[in-house]
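Remarks on the structure that follows.
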Amino acid sequence: MKYIYTEKDLDLISWKRIDEFVNKIYKDVYRFLSKNDLEIKYIIPIMRGGGIPSVIFSHLFNVIDMLPIQLKYNNETQKIDKKIDLEYVSNTKIGNNECILLVEGNHVTGKTANIAVDLIRKKFGENVKIIYVSLTRDYTYRNSVNNVCYTTWAMTTNETKELSQEECKKLNINYSSVSVYPWENINEELKELNSNM
Numbered sequence: 398m399k400y401i402y403t404e405k406d407l408d409l410i411s412w413k414r415i416d417e418f419v420n421k422i423y424k425d426v427y428r429f430l431s432k433n434d435l436e437i438k439y440i441i442p443i444m445r446g447g448g449i450p451s452v453i454f455s456h457l458f459n460v461i462d463m464l465p466i467q468l469k470y471n472n473e474t475q476k477i478d479k480k481i482d483l484e485y486v487s488n489t490k491i492g493n494n495e496c497i498l499l500v501e502g503n504h505v506t507g508k509t510a511n512i513a514v515d516l517i518r519k520k521f522g523e524n525v526k527i528i529y530v531s532l533t534r535d536y537t538y539r540n541s542v543n544n545v546c547y548t549t550w551a552m553t554t555n556e557t558k559e560l561s562q563e564e565c566k567k568l569n570i571n572y573s574s575v576s577v578y579p580w581e582n583i584n585e586e587l588k589e590l591n592s593n594m
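Quick note on the working numbering: the sequence shown kicks off at 398 and runs consecutively.
Structure representation (structure tokens):
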């Protein structure tokens, strides 16, 4: 019998927690940039989940230029559709001391982020430096994104349910909750969760 998600299964993340997540990631990335004498040239949000965090990071890092990508899992084809790729970008010049900050909200398996990395490398060249961040990340797939020079996140989850309850307890991870951000619609999230099952 198929599991039906209800509101009790959702971790409704508050704006206060979002601030804590963003501050943790900002400090991690700032340390990496300082240590490696790098600066961010572009912020690339993976829309929709990476949109709001990207705007906050653009202010924190004082980066104006944002190049959105939109990738969406298609339930019918069971593939990821490219809604917006980087074909619209004309200036692909990036200096040796410059990098791209790729931002996702909720990282589950990393498939979407890997496609985004491939799109960035195709547009800006194989040697482009990419920092990948996400607010939340499934513990099992926390290191699943390839070809980035640095990655960090604020909170680990068990959204793929690949960890046992005992493993989650040891790692201080909520075994069953699915993250929902303040800008997301609860009914829409439940519909999507239940259609993916």
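Where a beta carbon is used, it is the ideal one built from N, C-alpha and C, also for glycine.
Computed from a predicted structure; not experimentally measured.
If one requires a minimum length of 4 residues, the alpha helix (DSSP H) runs lying completely within the segment 459 to 543 are 508 to 521, in chain order. I410 sits away from S531, with the two beta carbons spaced by 8 Å or more.
Secondary-structure assignment with DSSP links L409 through a beta bridge to V577. Across the structure, P579 and N471 are spaced so that their CA atoms are roughly 24 Å apart.
DSSP, read as helix, strand or coil, puts K438 in strand. L499 and K480 do not touch by the CB rule: their CB atoms are close to 16 Å apart, not below 8 Å.
For a cut-off of 8 Å, the C-beta gap from Y529 to T509 is around 11 Å, too long to register as a contact.
Per DSSP, the unbroken beta strand (DSSP E) holding Y547 starts and ends at 547 to 554. Collapsing the DSSP output to three states places I443 in a strand.
Contact fails between the segment 559 to 569 and the segment 431 to 450, because fewer than three Cβ pairs, one in each stretch, are under 8 Å apart. DSSP places L560 outside both helix and strand once states are collapsed to three, so it counts as coil. Here DSSP, grouped into helix, strand and coil, assigns N591 to helix.
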